[in-house]
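Student: Let me give you the structure first, and then I'll get to my questions.
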Amino acid sequence: MIKAWLRPLARVLLALLGLILWGAAAALVFGGAFVILTYKNYKSFFWDCFLLVPGWLAIVSAFLLLPAGAVAICISTRNSRYQQGTFMYLLVVLLCLEASSAVLAHVYSDKMSSELNHTMGHLFHQYNGTYSHHPGTRAVDVIQRQLQCCGVHNYTDWAEAAASQRVHTGNIHAPESCCKKTYSDCTGDMRQSEQLYHEGCLRKLGYRLQFVMGYVFWCCIVVGFLEMLAAISNGILMKHRPFQDFRILDSATFS
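Structural data, given as structure tokens:
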């Protein structure tokens, strides 16, 4: 009785999982692209270019999920032995890619968060003074405008750093990239702190990094679980349709 409904259930589940795998491909593409864009936009603050690896692994997995989902749907209707074998191989490759991406995302999330404080402090220190034309100057302006932040920990960092002082009228000025967009006449005067972003860039970039890496990590975990269900369903269908036995020719027949 159990075998009577097990095979139809496996067929329906495999067809449904095939559609879900297509949706999972879109989720992985989004996560991988988010990792790559985060690195591209703020690469001056990341010394390790291997931060891109989890993103590219997620994108490769997403493209492989498309044919895997199509094969899963075909198996649920035609139950081809060749398609079942191909589907199993695709699932093995996908599980390896997603496991690697999840592990690297978790490792780099912790590693890069600890390094951001040093790299960001170094670039912010070079913003003015002798290093005014350093490439890090543009990176500081970009991150403060895009993340709407000011300083490493908060906007008072510019007042505490002697290299960040711009003395025109005897007042300390923060970079104009610290100014809120609603104040068109903002010059970075720290006496008018209401015109400046208060939150530091270290926390905001750290939050973004944690979010994007966490997203990729959990996407890979969930998709891997779905692939395990698909492998079990495919295995049930393969079990109920074993390979045909080939008999060894008896030499006595030809004697």
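Here the working numbering = 1-based position in the sequence shown + 13. Glycine included, C-beta positions come from ideal geometry on N, C-alpha and C.
1. Hey, could you find the ends of the alpha helix (DSSP H) residue 247 is sitting in?
2. Please work out which residues of its chain come closer than 6 angstroms, Cβ to Cβ, to residue 26, disregarding the five sequence neighbours upstream and downstream, and give them in chain order.
3. Okay, do the segment 196-215 and the segment 87-106 touch, 3+ Cβ pairs below 8 angstroms being the bar?
4. CA-CA distance, residue 88 and residue 219?
5. Quick test of the definition: if touching needs 3 or more C-beta pairs under 8 angstroms, does the segment 33-49 touch the segment 68-85?
6. To the nearest angstrom, report how far apart residue 241 and residue 226 are at their CA atoms.
7. Roughly how many angstroms separate the alpha carbons of residue 235 and residue 37, rounded to a whole number?
8. Go through its chain and collect everything with a Cβ distance to residue 199's Cβ below 6 angstroms, but skip five positions before and after it.
9. Roughly how many whole angstroms lie between the Cα atoms of residue 167 and residue 233?
10. Determine the direct distance from the alpha carbon of residue 243 to that of residue 96, and round the result to whole angstroms.
11. DSSP three-state call for residue 186: helix, strand or coil?
12. I need the straight-line Cα distance from residue 77 to residue 194, nearest angstrom please.
13. If you follow the alpha helix (DSSP H) that residue 164 is in, where does it begin and where does it stop?
14. When we look at the beta-carbon of residue 22 and count the other beta-carbons within 10 Å, is it buried (16 or more) or exposed?
15. Helix, strand or coil for residue 199, going by three-state DSSP, please let me know.
16. Excluding the 5 residues preceding and the 5 following residue 144 in the sequence, name in chain order all residues of the same chain whose CB lies nearer than 7 angstroms to its CB.
17. Hey, residue 51 and residue 160: beta-carbon distance below 8 angstroms or not?
18. Enumerate in chain order the residues of its own chain whose CB-to-CB distance from residue 86 is below 6 angstroms, with the five nearest sequence positions on each side excluded.
Tutor: Well, looking at it:
1. Position 234 of the sequence shown holds residue 247. Note, residue 247: alpha helix (DSSP H), 214-252.
2. Within the sequence shown, numbered from 1, the residue matching residue 26 stands at position 13. Around residue 26: 246.
3. no
4. For the purposes of this step, residue 88 is taken as the residue at position 75 of the sequence shown. For the purposes of this step, residue 219 is taken as the residue at position 206 of the sequence shown. Each residue's alpha carbon lies about 44 angstroms from the other.
5. yes
6. The residue labelled residue 241 in the question sits at position 228 within the sequence shown. The residue labelled residue 226 in the question sits at position 213 within the sequence shown. Those two C-alpha atoms are separated by around 23 angstroms.
7. As a working note, residue 235 is residue 222 in the sequence shown. As a working note, residue 37 is residue 24 in the sequence shown. Going by the C-alpha atoms only, they are around 9 angstroms apart.
8. Counted from its first residue, the sequence shown places residue 199 at position 186. Within the same chain, residue 199 has close Cβ partners 192, 208.
9. Sequence index remark: in the sequence shown, residue 167 carries index 154 (1-based). Sequence index remark: in the sequence shown, residue 233 carries index 220 (1-based). Cα to Cα, the separation comes out at about 35 angstroms.
10. Taking the sequence shown and counting its residues from 1, one reaches residue 96 at position 83. Taking the sequence shown and counting its residues from 1, one reaches residue 243 at position 230. Their Cα atoms are separated by approximately 13 angstroms.
11. For the purposes of this step, residue 186 is taken as the residue at position 173 of the sequence shown. Strand, per DSSP.
12. Looking up residue 77 in the sequence shown gives position 64. Looking up residue 194 in the sequence shown gives position 181. When rounded, the distance between both Cα atoms is 43 angstroms.
13. Counted from its first residue, the sequence shown places residue 164 at position 151. Per DSSP, residue 164 belongs to no alpha helix (DSSP H) and is neither H nor E.
14. The count along the sequence shown starts at 1 and reaches residue 22 at position 9. It is exposed - the Cβ of residue 22 has fewer than 16 other Cβ atoms within 10 Å.
15. For this step, residue 199 is matched to residue 186 along the sequence shown. Here residue 199 sits in coil by DSSP.
16. Position 131 of the sequence shown holds residue 144. Its pLDDT being 48, under 50, residue 144 is placed unreliably in this model, and the value from its coordinates should be taken loosely. Nothing listed; no residue qualifies.
17. Mapped onto the sequence shown, residue 51 falls at position 38. Mapped onto the sequence shown, residue 160 falls at position 147. Cβ atoms of residue 51 and residue 160: not closer than 8 angstroms.
18. Against the sequence shown, residue 86 aligns to sequence position 73. Within the same chain, residue 86 has close Cβ partners 28, 31.
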